[in-house]
Amino acid sequence: MDLPSGVSFGDVISLLSPGIDLQMVTEMGIKKWPYQPDTYIGIVCFRHSKKRHGELPYYLNSPDCRDHDEGSDIALAMLTFKGDKLRLHSKVLTWSGAGRPTLSVNWNHSNLDSPIVLDNGFEGKGSGYLPPDTLMHFDFARYQISDDQVAWGIRAQTVEGYSGGGAEFQSLTLFRMNVDGVLEPILSEPMEFWKDIAGDWHEDGTRDHDVTSGENILMLSRKKHHGYYDLRIKSKDTNWSQTFIWSAQLNGYVAE
């Protein structure tokens, strides 16, 4: 958490989500972006209601930044701090502001195992995209997507529980700010998984477990499409890789 001097949590929340009741905020963060002076990335997660479907109360003091129902929302923006004042540098992006749920991911072009909820025909908002359960951290590696533009990322996680086991799925979403000051998610892909499937029981009370995992890394290519460098996602364990190229029509990366 990188709060500029003299700036409070309430200042960040009011800037990203004007008028929101502070008691409805479930998670927030602000981090200084190293590739532009006096620039920060801020995020606020909040609920529209203290009750879920009019019945069960939410635990509002628990970190929560999900999009599994109509009750939650997100506000994400680039900020500048000049003259002792924090200001918006980009327009605020919300869950639905990108045309599909922000930070959601699908496994259509991945080598990694996918959550069972997708195998069972999950129909979430956004045609096959699964929203994350948890936001892990900002990813400020230098994603130089063009000669004059650096993207930044958010790492997120989805968790599944099985009988005697479970699984974790991590993803990376990259963002850029366009010439109109609009934040755009330009790539959202699975990056890592860990899965523990419980098996047969033994007489001594122990149980077999099938544990599998996989991890990918993101690399930048020297090749370009429409002025943007190609991105290559590569397995750390095998020879698998997938190249993503810029789509001028979609303003984002698509599988080649």
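If you read the sequence shown in our numbering, its first letter stands for residue 33, the second for the next number, and so on. Think of the CB as a built atom: it goes at the ideal place given N, C-alpha and C, for glycine as much as any other residue. All values derive from a computational prediction rather than experimental measurement.
For this session: Taking only the alpha-carbon atoms, compute the straight-line gap between H121 and L35 and give it to the nearest angstrom.
Result: For H121 and L35, the distance between alpha carbons rounds to 16 Å.
For this session: Could you tell me whether the region 219-239 touches the region 133-153, using the rule of 3 or more Cβ pairs below 8 Å?
Result: With a cut-off of 8 Å, the region 133-153 and the region 219-239 count as touching, because enough Cβ pairs lie within range.
Problem set entry | Proximity test, Cβ basis, 8 Å: D269 and chain D | Of the protein chains in this structure there is only one, and it is not chain D.
Problem set entry | Same chain, Cβ closer than 6 Å to G284, neighbours up to 5 away in sequence not counted | Same-chain partners within the cutoff: I218.
Problem set entry | Extent of the continuous alpha helix (DSSP H) run through G213 | That residue, G213, is in no alpha helix (DSSP H); it is neither H nor E in DSSP.
Exercise. When the distance is taken between beta carbons, is R208 closer than 8 Å to I177?
Worked result: When the beta-carbon positions are compared, I177 and R208 come within less than 8 Å of each other.
Exercise. When the Cα of F172 is compared with those of S146, E192, T205, which residue comes out closest?
Worked result: Per the Cα distances, T205.
Exercise. Does the region 109-118 touch the region 192-202, meaning 3 or more C-beta pairs lie closer than 8 Å?
Worked result: Fewer than three pairs of CB atoms, one per stretch, sit closer than 8 Å, so the region 192-202 makes no contact with the region 109-118.
Exercise. Near E224, what residues of its chain come up, given a Cβ to Cβ distance below 6 Å and the 5 sequence neighbours on each side ignored?
Worked result: The answer, listed in chain order, is Q202, E247.
For this session: Could you tell me how far apart the beta carbons of V57 and L118 are, in whole angstroms, since I believe they sit closer than 8 Å?
Result: Contact check for V57 and L118: beta-carbon distance about 17 Å, past the 8 Å limit, so the pair fails to qualify.
For this session: Would you mind working out which of T244, D179, L250, E235 sits nearest H258, comparing C-alpha positions?
Result: Cα-wise, what sits closest to H258 is D179.
Exercise. So, V149 versus L167, is the Cβ gap smaller than 8 Å?
Worked result: The Cβ-Cβ distance between V149 and L167 does not fall below 8 Å.
For this session: Could you give the DSSP three-state label for M223: helix, strand or coil?
Result: In the three-state scheme derived from DSSP, where H, G and I count as helix and E and B as strand, M223 is classed as strand.
Exercise. Sorted by chain position, which residues of the same chain lie with C-beta nearer than 6 Å to W226's C-beta, five sequence neighbours on each side aside?
Worked result: Excluding sequence neighbours, W226 sits near E200, S245.
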